[in-house]
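Note that this note's numbering has the sequence shown beginning at 14, numbered continuously upward.
Quick reminder that beta carbons are idealized off the backbone N, C-alpha and C, glycines included.
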Amino acid sequence: MDVVQETVEQCFYGSVTIGERGQLVIPAEARKVCDMQPGDKLLVFRHPHNPHMLMLAKVGELQELLEQLSNAIKEASKHVAEVTEG
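1) Using DSSP with H/G/I as helix, E/B as strand and the rest coil, what is residue 59?
2) List the DSSP bridge partners of residue 67.
3) Less than 6 Å between C-beta atoms, sequence neighbours within five positions excluded: which residues of the same chain meet that for residue 58?
4) If you run the structure through DSSP and keep just helix, strand and coil, what is residue 23?
5) Which residue from 78, 73 and 42 puts its Cα closest to that of residue 55?
6) Just how far apart, CA to CA, sit residue 60 and residue 75?
7) Between residue 46 and residue 37, how many whole angstroms is the CB-CB distance? I'm expecting something under 8 Å.
8) Let me check understanding here. Comparing Cα to Cα, which of 64, 95, 71 and 92 lies closest to residue 123?
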């Protein structure tokens, strides 16, 4: 997977206002770039170090990220074991 470095401006899609019922609209460009479709399930997280910041993640994408991280941890553990034994 290639990592693309983007500027803050390239990742900014505008602002939203929370409606009376607590709803907000994700800007169309952000939905397009992130391939978000009606009916998609999103997880909402509070940033662990900033209680006023939320993060959204598509369920399937988060599952894939967790699998990649798990595999990376396994590989790193193998490498540490090899170095320690050698």
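In short, the structure shows the following:
1) Strand at residue 59.
2) As a beta-bridge residue in DSSP terms, residue 67 pairs with 59.
3) Excluding residues within five positions, the ones whose Cβ falls inside 6 Å are 68.
4) In the structure shown, residue 23 sits in a helix (DSSP, three-state: H, G or I).
5) Each of 78, 73 and 42 was checked against the Cα of residue 55, and the nearest Cα belongs to 73.
6) Computed Cα separation, rounded: 15 Å.
7) Rounded, the Cβ-Cβ distance is 17 Å, inconsistent with contact.
8) Since the first and last residues shown for the chain are 14 and 99, residue 123 lies out of range.
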